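Read through the structure below, which is laid out as C-alpha cells, and then see the notes.
Protein chains: 2
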Amino acid sequence: MRQPETIRQAIKALSKLPGIGQKTANRLVFYILSQHRELGQEISDTLLQACTSIHLCPECCNFTDTDLCPICTDAERNRNIICIVESASDVEAIEKTGVYHGLYHVLHGSISPLRNIGPNDIHLKELFNRLLQNPAISEIILANNVGTEGESTALYIARLLQPSGIKISQMAHGIPVGSNLEFADEVTLGQAISNRREIERPGS
Amino acid sequence: MRQPETIRQAIKALSKLPGIGQKTANRLVFYILSQHRELGQEISDTLLQACTSIHLCPECCNFTDTDLCPICTDAERNRNIICIVESASDVEAIEKTGVYHGLYHVLHGSISPLRNIGPNDIHLKELFNRLLQNPAISEIILANNVGTEGESTALYIARLLQPSGIKISQMAHGIPVGSNLEFADEVTLGQAISNRREIERPGS
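Chains as they are written, first to last, in my numbering: chain A, 1 to 204; chain B, 1001 to 1204.
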C-alpha cells in the first residue's frame, strides 16, 4: 500500500530540513495528523508568513520585516563599530549577552572554495559600500565562526580592510566561563595561555 | 533587540513538534529564511494540503484522502483477518514487510488511565461495530506496542472479544533477526526461550 500522496509530499518536504531524516519527518507528519491538525495549520501559516514578510535589512543584511532593521534604526546604538557575523542567529546570540551595543553586518555564509562560495556570494559588497559611506566607522569586530571557512573569511576581510586604517578586532578565544581546564581541547587551552591577561592589582 | 514577530511565531510553532526544542526550531527557521525559502513554501503548502485533505477511513480508521482507504477497497486482501495497531505509522511498518495481506484497524492511541485516555477515546467502538457487521472475520492480531499501555490495551480488547469466539493472536516476541543473543535484554531472551519452536526435520 502506498501512503496518500499528500502525506508523502509533506514527509518529503519536512525531510529536506537539516537534521530531519525520513523517519523523523514521518513521525512529525503522523503526529500532526493524529491529534494536532491545528498545529499543522499554525506551522503552515507562520512559515508562509515569515517567508513572505521577512527580507534583508538594506544596511546590515539582517532579517527584518520593517524597512531598516530595529538595530540599524536604534539611535542608542554605537554607530562607530560593526560586528561581522555569519548568520542572523549569531546576531541573536550576541544580543542576548547584552554586552555589545554597536551595529552588525550579517554575511549569510562564509567563503568556501570547496562548496563553490566566493567573496561575491556572501554579503561583502554591502559591507564595503557601508564602510565607504560611513567614514565614522572606527572598529570592525570579526565574529566569524571558528573553523577553516570562518577563519579564512575573517582573514580575507581583515586583509581587504587593512589599508583603510580601521581598527580590526576578533572575538577572544579561551576557556569557556565555568568550564574545567581538563575538559578544554588543546587548541583552546593553547590559545588561552597565549592570550593570558594580567590581572589588574586592586587599588592600582 | 527582539526578533521580527513573524520569525518568532514560526519558531514558536515549530518548537511545539515532538523532539524539536527552541534551539532546533530557531536553526530550522533561519535555515529556511537564509537560502531555502522555496522549501518553506513547500512545507507550508504540503502540511496545509495534508491537514485539509486527510481524514480517517470510516472502515479501518487509517489516514486516507479517498472515501475508503486503499487497503479496505483492495479486493486482493484477506477480509477475514484484522490486525489492530496503535498508529497509522505501524500500518506503514507492517506493510513494508510484505508478509501480511489482511485488513487493519488503527486505534490512534492506547488506553492510559494516567494520561486520562479511556476506551472511548481510542477507535474501539468502530472496531466492535466492524466485527458485528462482518461475521466473516475469523482472526484478530493484536499488534499494540510493547509497554504497559499497549499491553493493557491489548488485554482489554482480548477480554472483550473472548466471548465472540474469534481467534485472537499476538505478534511473536523474540530475538530480532540478525541480532546477537548477548545484546538481547532478559525479558526478550526469556520470551524467546519460552516461545521456542521445534525445527521441522527436513523431509518429514
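Using N, Cα and C, we set each Cβ at its ideal position, and we do this for glycine too. Quick caveat, the model's predicted, so the values are computed rather than measured.
Does the beta carbon of A1010 of chain B sit closer than 8 Å to a beta carbon anywhere in chain A? yes
Below 8 Å CB to CB, which residues in the same chain sit around H1055 of chain B once its five sequence neighbours on both sides are set aside? F1063, T1064 and D1065
Which residues DSSP lists as bridging V106 of chain A, in chain order: A:V85
Residue span of the beta strand (DSSP E) that contains L1142 of chain B, given as start and end: E1139 to L1142
The beta strand (DSSP E) with S169 of chain A in it runs from where to where? K167 to Q170
Would E59 of chain A be called buried (16 or more neighbouring beta carbons within 10 Å of its own) or exposed? buried
Sequence ranges, alpha helix (DSSP H) only - wholly within the region 149-202 of chain A, length at least 4: 186-194
Could you pull the DSSP bridge partners for F1063 of chain B from this structure? B:L1056
Helix, strand or coil: which one does DSSP assign to S1015 of chain B? coil
Quick check on I32 of chain A: does DSSP put it in helix, strand or coil? helix
Can you list, in chain order, the residues of the region 1044-1064 of chain B whose Cβ is nearer than 7 Å to any Cβ on chain A? S1044, T1046, L1047, L1048, Q1049, A1050, C1051, S1053, I1054, F1063 and T1064
Taking the straight line between their C-alpha atoms, what separation do you get for N1026 of chain B and R1008 of chain B? 9 Å
Flag A1158 of chain B as yes if its beta-carbon sits less than 8 Å from any beta-carbon of chain A, otherwise no. no
DSSP bridge partner residues for I1117 of chain B (one or two, in chain order): B:S1112
So R79 of chain A contacts chain B; which residues on that side make the cut at Cβ distance below 7 Å? Neighbours of R79 of chain A on chain B: none; closest Cβ ~15 Å, over 7 Å.
Would a check of beta-carbon distances place R114 of chain A closer than 8 Å to chain B? Reading off the sequence shown, one finds Leu at residue 114 of chain A, where the question assumed Arg. For L114 of chain A, the answer is no, since every Cβ of chain B falls outside 8 Å of its Cβ.
Give the straight-line distance between the Cα atoms of S1110 of chain B and I1166 of chain B, rounded to the nearest whole angstrom. 21 Å
Buried or exposed: where does G1040 of chain B fall if 16 or more other Cβ atoms within 10 Å of its Cβ makes it buried? buried
Own chain residues within Cβ distance below 8 Å of G118 of chain A, not counting five before or after: I111
DSSP state of R1130 of chain B, grouped into three classes? helix
Should the region 84-96 of chain A be regarded as contacting the region 138-152 of chain A, the criterion being three or more beta carbon pairs within less than 8 Å? yes
Return the CA-CA distance between D1185 of chain B and V1177 of chain B, expressed in angstroms with no decimal places. 14 Å
Other residues of its chain near C1057 of chain B: CB distance less than 7 Å, five sequence neighbours each side excluded: T1064, L1068, C1069 and C1072
Spatially closest choice to E126 of chain A from A:E38, A:I141, A:R196 and A:Y104, by CA coordinates: A:Y104
Between the C-alpha atoms of H101 of chain A and E1038 of chain B, what's the straight-line distance to the nearest angstrom? 34 Å
Short CB-CB distance (under 8 Å) between S34 of chain A and chain B: yes
Alpha carbon of D121 of chain A to alpha carbon of T1024 of chain B, nearest angstrom: 26 Å
Taking only beta-carbon positions, decide if L68 of chain A is within less than 8 Å of chain B. no
Chain B within 8 Å of K167 of chain A, Cβ atoms only: no
Compute the distance between the beta-carbons of A1172 of chain B and I43 of chain A, then report whether it is under 8 Å. no
Using a C-beta to C-beta distance shorter than 8 Å, which residues of chain E count as neighbours of T1006 of chain B? This model lacks chain E altogether, as its protein chains are A and B.
Count the other CB atoms within 10 Å of the CB of A50 of chain A; is the residue buried (16 or more) or exposed (fewer)? buried
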